[in-house]
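The block underneath contains the structure these notes are about, expressed in structure tokens.
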Amino acid sequence: MRRTITPHPALPLAINTHFLLSTSLHRLLLPPSSLPFLPIMSSITLLLLLLLSSSVHSISATVAVAAARNLAFIDQALDLDSFPFEYHGGPLLSGNVTINLIWYGNFNPSQKSIVTDFITSISSSSSSKSIISSHPSVSTWWNAIKKFYNLAKKSSRLSLSLGLHILDPKYSLGKSLTDRHILSLASRGRQKYAINVVLTAADVTVDGFCFNKCGSHGISVGAPIKGKRYKFGYIWVGNSATQCPGQCAWPFHRPVYGPQNPPLVPPNKDVGMDGIIINLASLLAGTATNPFGNGFYQGSKEAPLEAASACTGIFGKGAFPGYPGELLVDRATGASYNANGGNGRKYLLPALFNPITSTCSTLSVEFDDFVCLEVECELRPKLNCYEAARLDPTFRWASAVAIEALY
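Residue numbering for the sequence shown follows the working numbering, beginning at 7 and increasing consecutively.
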């Protein structure tokens, strides 16, 4: 049974609490007479309603779990006492897994390379040389996932690699897709030790897209392979450039509601594709740490906040609603980013929830907190990490080794 709560299509989720609640009353079985009293509802009740409206889960004969990704900014701190982010005892994704890209619709070569370079940056060898040359890096961001495996006491690890490219430029299923269409497309990829990523072009509509989700991830059972069936993960992300960039590509586009700060310049000069990277990164983190719906998450199983979605809208230090936080800026292009990738790429990646400190940790915070405390305090107590690394190549090497050892 599918249960969704649909906010206004142009409203970044969780910004206008009163509007969100009033449009969802009939679904939550609140009497109309309670409308005048909504502003004085308890904070816990408000948070519960927001959590219920933030994600979508599906369960069917073929789809084990499907969790939605909403891109918005939060208007209050998460109540970790009432809704703790915790481990629910289930397996995490592990083994040597290929990421297969299914391109549905029209994508030009430049757009494809943005995603390909991102996946390659995650799956590339975590040698100290690659980290040293491009910190803060995509691989360093992804290595933060190891904390979840350590806490779950899982000896096996996840190793990702780029797999197949499957093209469907002629829209074989049309330009208006349902969740079943997405699963059908995902099934075209490998069905053993695989995450099949379906990317839909800007002129393709998908059920719920822009209304209550920017993408989703799930698990399905593939066709028999030598008499045995295997489960494979899948992710769908849509290009929101023409449909809802203010919701699914923020902060590279102004939101329709909420603080109207100027949009940031996208690092790859493509609002839609840079938005796809944010959502894809978030869904990959959720797929790894909550693949079957009983891994790490906050809130209810039907509407979980996962490793990245628990930190929605946070990209750098000092983030608050409408402000993504302190970011690096490319002097040549003016683009904002927080991670370096392969082939000279720059990306903006979401903060990840730190299950050890119960805080949202951005890439720069991770580097400062862990490397500075473990290395700089002994070697360069009066310099920050970046300055020490710039002045002393030996320290930079030590920093790279230390950050790998700590994760």
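All residues carry an ideal CB built from backbone N, CA and C; glycine is no exception.
Just so we're clear, the structure is a prediction, and the values are computed from it rather than from any experiment.
### Task
Express the C-alpha separation of Ser162 and Thr126 in angstroms, rounding to a whole number.
Here the question's residue 126 lines up with position 120 in the sequence shown. Here the question's residue 162 lines up with position 156 in the sequence shown. If I take the Cα positions, the gap works out to 21 Å.
### Message
What would DSSP say about Ile151, mapped onto helix, strand or coil?
### Response
Along the sequence shown, read from residue 1 onward, the residue named residue 151 stands at position 145. DSSP places Ile151 in the coil class of the three-state scheme, outside both helix and strand.
### Task
Give the secondary structure of Asn300 by DSSP, where H, G and I count as helix, E and B as strand, and everything else as coil.
Here residue 300 corresponds to residue number 294 of the sequence shown, with the count starting at 1. Three-state DSSP puts Asn300 in coil, outside helix and strand.
### Query
Which term fits His223, buried or exposed, when burial requires 16 or more other beta carbons within 10 angstroms of its beta carbon?
In the sequence shown, residue 223 corresponds to position 217, counting from 1. So His223 counts as buried.
### Query
How many angstroms separate the CA atom of His32 from the CA atom of Ile362?
Here residue 32 refers to the residue found at position 26 when the sequence shown is read from its first residue. Here residue 362 refers to the residue found at position 356 when the sequence shown is read from its first residue. Because the pLDDT at His32 is just 28, under 50, the model does not fix this residue reliably, and the value given afterwards should be weighed accordingly. Distance between the alpha carbons of His32 and Ile362 is about 39 Å.
#### Entry: Validate contact between the stretch 100-108 and the stretch 308-326 using beta carbons, cut 8 Å, 3 pairs
no
### Query
Should Ile283 go down as buried or exposed, given a rule of 16 or more other Cβ atoms within 10 Å for buried?
Your numbering for residue 283 matches position 277 in the sequence shown. The residue in question, Ile283, is buried, as its Cβ has 16 or more Cβ neighbours within 10 Å.
### Task
Would you mind sorting Asp209 into buried or exposed? The rule is 16 or more other CB atoms within 10 Å of its CB.
Within the sequence shown, residue 209 is the residue found at index 203, counting from 1. Under the 10 Å beta carbon count, Asp209 is surrounded by fewer than 16 other beta carbons and is classified as exposed.
### Message
Excluding the 5 residues flanking Ser288 on each side, which residues of the same chain have their C-beta closer than 7 Å to its C-beta?
### Response
Walking along the sequence shown from the start, residue 288 turns up at place 282. The residues are Arg75, Ala314, Ser315 and Pro356.
### Task
Rounded to whole angstroms, what's the CA-CA distance from Phe321 to Tyr155? Just pull it up for me.
Here the question's residue 321 lines up with position 315 in the sequence shown. Here the question's residue 155 lines up with position 149 in the sequence shown. Whole-angstrom Cα-Cα distance: 23 Å.
#### Entry: Under the three-state DSSP convention, the category His141 falls into
In the sequence shown, counting from the first residue as 1, residue 141 sits at position 135. Coil.
### Query
Roughly how far, in whole angstroms, is the beta-carbon of Arg351 from the beta-carbon of Asn300, given that I think they are within contact range, below 8 Å?
The sequence position of residue 351 within the sequence shown is 345, counting from 1. The sequence position of residue 300 within the sequence shown is 294, counting from 1. Arg351 to Asn300, Cβ: 35 Å. No contact.
### Query
Tell me, which residues are paired with Cys254 by DSSP?
On the sequence shown, position 248 is the one that residue 254 refers to. Answer is none; Cys254 lacks a bridge partner.
### Task
Can you tell me which of the three DSSP states Cys317 falls into?
Position 311 of the sequence shown, counted from the first residue, corresponds to residue 317. Looking at Cys317 - three-state DSSP - the assignment turns out to be helix.
### Query
Hey, would you say Asn202 sits closer than 8 Å to Val243, going by beta carbons?
Taking the first residue of the sequence shown as 1, we reach residue 202 at position 196. Taking the first residue of the sequence shown as 1, we reach residue 243 at position 237. Result no, Cβ atoms of Asn202 and Val243 do not sit closer than 8 Å.
#### Entry: Per-residue burial, Thr414 [other beta carbons within 10 Å of its own, 16 or more giving buried]
Nothing about residue 414 can be read from this structure; the chain reaches only from 7 to 413.
### Query
Which residues bound the alpha helix (DSSP H) around Asn285?
Against the sequence shown, residue 285 aligns to sequence position 279. Bounds of the alpha helix (DSSP H) holding Asn285 are Val277 to Thr295.
### Message
With a threshold of 8 Å, are at least 3 pairs of Cβ atoms found where one atom belongs to the stretch 248-259 and the other to the stretch 232-240?
### Response
no
### Unbroken beta strand (DSSP E) run spanning Ile201, endpoints
As a working note, residue 201 is residue 195 in the sequence shown. Taken as a continuous stretch (DSSP letters only), the beta strand (DSSP E) holding Ile201 covers Ala200 to Thr206.
### Message
Taking the alpha helix (DSSP H) that His187 belongs to, which residues open and close that run?
### Response
Working through the sequence shown from its first residue, we reach residue 187 at position 181. Its alpha helix (DSSP H) spans residues Asp185 to Ala192.
### Task
Count the other CB atoms, across all protein chains shown, that sit within 10 Å of the CB of Phe326; report buried if there are 16 or more and exposed otherwise.
Numbered from its first residue, the sequence shown carries residue 326 at position 320. So Phe326 counts as exposed.
### Burial state of Ala200 (16 or more Cβ within 10 Å)
If you number the sequence shown from 1, residue 200 lands on position 194. Classification of Ala200: buried, given that the 10 Å Cβ count is 16 or more.
### Residue nearest to Asn112 in terms of C-alpha spacing, selected from Ser167, Asn102, Leu98 and Ile172
On the sequence shown, residue 112 is found 106 positions in, with the first residue counted as 1. Nearest to Asn112 by alpha-carbon distance, out of Ser167, Asn102, Leu98 and Ile172, is Ile172.
### Query
Who pairs with Cys366 in a beta bridge, going by DSSP?
Looking up residue 366 in the sequence shown gives position 360. DSSP output for Cys366 lists Phe359 as bridge partner(s).
### Message
Judging by CA-CA distance, which residue of Pro272, Lys176 and Gln197 is the nearest neighbour of Thr206?
### Response
Locating residue 206 in the sequence shown gives position 200, counting from the first residue. Nearest C-alpha to Thr206: Lys176.
### Message
Our contact map puts Asn344 next to Thr368 with C-beta atoms below 8 Å; I'd like the distance itself, whole angstroms only.
### Response
Taking the first residue of the sequence shown as 1, we reach residue 344 at position 338. Taking the first residue of the sequence shown as 1, we reach residue 368 at position 362. So it is a contact: roughly 7 Å between Cβ atoms.
### Message
Contact defined as beta carbons within less than 8 Å: I believe Arg196 pairs with Thr339. What is the distance between those atoms, to the nearest angstrom?
### Response
Numbered from 1 along the sequence shown, position 190 holds the residue referred to as residue 196. Numbered from 1 along the sequence shown, position 333 holds the residue referred to as residue 339. Not confirmed; about 36 Å, so no contact.
### Query
Three-state secondary structure (DSSP) at Lys176?
What you label residue 176 is simply residue 170 of the sequence shown in a count that begins at 1. Of the three classes helix, strand and coil, the one that applies to Lys176 here is coil, per DSSP.
### Task
Would you decide whether Thr184 is buried or exposed? Buried here means 16 or more other CB atoms lie within 10 Å of its CB.
Start at 1 with the first residue of the sequence shown, and residue 184 comes out as number 178. By the neighbour-count rule (16 or more Cβ atoms within 10 Å), Thr184 is not buried but exposed.
### Message
Taking the straight line between their C-alpha atoms, what separation do you get for Pro269 and Ala291?
### Response
Counted from its first residue, the sequence shown places residue 269 at position 263. Counted from its first residue, the sequence shown places residue 291 at position 285. So the two alpha carbons sit approximately 25 Å from each other.
### Query
Exposed or buried, Lys153, counting other C-beta atoms within 10 Å across all chains shown (16 or more means buried)?
Translated into the one-based positions of the sequence shown, residue 153 becomes position 147. The residue in question, Lys153, is buried, as its Cβ has 16 or more Cβ neighbours within 10 Å.
### Query
Skipping 5 residues on each side, what residues in its chain have a beta carbon closer than 6 Å to that of Ala83?
The residue given as residue 83 occupies position 77 in the sequence shown. Residue placement at Ala83 is flagged as unreliable, the pLDDT there being 45, under the threshold of 50; a coordinate-derived value is accordingly withheld.
#### Entry: Exposure label - Gln266; buried when at least 16 CB within 10 Å
Translated into the one-based positions of the sequence shown, residue 266 becomes position 260. Looking at its Cβ environment, which holds fewer than 16 other Cβ atoms inside 10 Å, Gln266 is exposed.
### Query
To the nearest angstrom, how far is it from the Cα of Ser30 to the Cα of Asp213?
Looking up residue 30 in the sequence shown gives position 24. Looking up residue 213 in the sequence shown gives position 207. In this predicted model, Ser30 has a pLDDT of only 28, less than 50, meaning its place in the structure is not dependable enough to derive any value.
### Task
List the endpoints of the continuous beta strand (DSSP E) containing Ser100.
Counting from one through the sequence shown, the residue named residue 100 turns up at place 94. Counting along the chain, Ser100 falls outside any beta strand (DSSP E), and DSSP gives it neither H nor E.
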